[in-house]
Amino acid sequence: MLHKYGTPAYRLEAHLMEVATYLDLKSSFVMSPTSVTFVIWT
Numbered sequence: 000m001l002h003k004y005g006t007p008a009y010r011l012e013a014h015l016m017e018v019a020t021y022l023d024l025k026s027s028f029v030m031s032p033t034s035v036t037f038v039i040w041t
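Each residue of the sequence shown is one higher than the one before, starting from 0 at the first, in numbering that gives the first Met the number 0.
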């Protein structure tokens with residue numbers, strides 16, 4: 000699914016980590032081509 004829209008899983012994970020860091024959130028992201036799993040806590 001992610002590749003259909005041109006976004007590899009590793010790139011999306013990196014971007015989400017950057018956003019979480021910018022917002023000062025602790026987070027964990029696990030991506031695969033068919034799923035997105037994440038945990039965000041403060």
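The beta carbon of each residue, even a glycine, is placed where N, CA and C say it ideally should be.
If you're wondering where the values come from, they're calculated on a predicted model, not measured in any experiment.
Whole-number beta carbon distance between residue j and residue i, since they are thought to touch under 8 Å
i	j	result
Met16	Ser26	7 Å
Ala19	Ile39	7 Å
Cβ-Cβ distance between residue i and residue j below 8 Å
i	j	result
Thr6	Leu24	no
DSSP-derived helix/strand/coil call for residue i
i	result
Thr41	coil
Thr33	coil
Note to self: At 4 residues or longer, what runs of the alpha helix (DSSP H) sit wholly inside the segment 0 to 30?
What the structure shows: 8 to 21
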